[in-house]
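The block underneath contains the structure these notes are about, expressed in structure tokens.
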Amino acid sequence: MYLEVDGHRLDARDARNFRQQLDMQRAALSTTFNYADKATISYTTYALRHLPYTVLLDVAITARKDVALTAASVMEAPMPCARCRTTTTKSTGLTLP
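Structure below.
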């Protein structure tokens with residue numbers, strides 16, 4: 001996923017007051033950070049036990065000022081390993097290790 005605030009694409013250098021919390025029981029990693037004085041971004045990544053190499057991302061953005069937001073979900077899959085057994089998912093046709 002990528003996020004733009006007022007036309008600026010956010011990256012690690014933009015994060016202030018960065019916090020993370022790992023919940024092993026729920027297979028969730030929660031992250032919260034502030035972007036300047038414009039927004040607070042929170043997201044939780046959930047491991048999907050029935051779909052290896054995939055996650056569910058739950059995102060919440062709280063604007064502290066009027067801002068223009070652009071967000072996009074980017075699907076990525078790991079490259080297959082030549083030494084690994086691979087399977088192909090029927091829904092996407094991607095080859096996963």
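All residue numbers for the sequence shown refer to our numbering, where the first residue is 1 and numbers rise by one. Ideal Cβ placement from N, Cα and C applies to all residues, glycine included. Quick caveat, the model's predicted, so the values are computed rather than measured.
Cβ shell of residue i (< 7 angstroms), same chain only, five flanking positions each side left out
i, result
"Thr92", "Below a pLDDT of 50, predicted positions are generally treated as unreliable, and Thr92, at 44, falls in that range; the measurement from the model is reported next regardless. Cβ neighbours of Thr92 beyond the five flanking positions: none."
Proximity of residue i and residue j at Cβ, strictly below 7 angstroms
i, j, result
"Tyr43", "Val59", "yes"
"Thr32", "Arg19", "yes"
"Tyr46", "Ala71", "no"
"Ala68", "Asp6", "yes"
"Met1", "Ser73", "yes"
Where residue i falls: helix, strand or coil (DSSP)
i, result
"Ala47", "strand"
"Arg13", "helix"
"Asp66", "coil"
Residues that DSSP places opposite residue i in a beta bridge
i, result
"Val59", "Tyr43"
Outcome for residue i when other beta-carbon atoms lying within 10 angstroms are tallied against a minimum of 16
i, result
"Leu3", "buried"
"Val55", "exposed"
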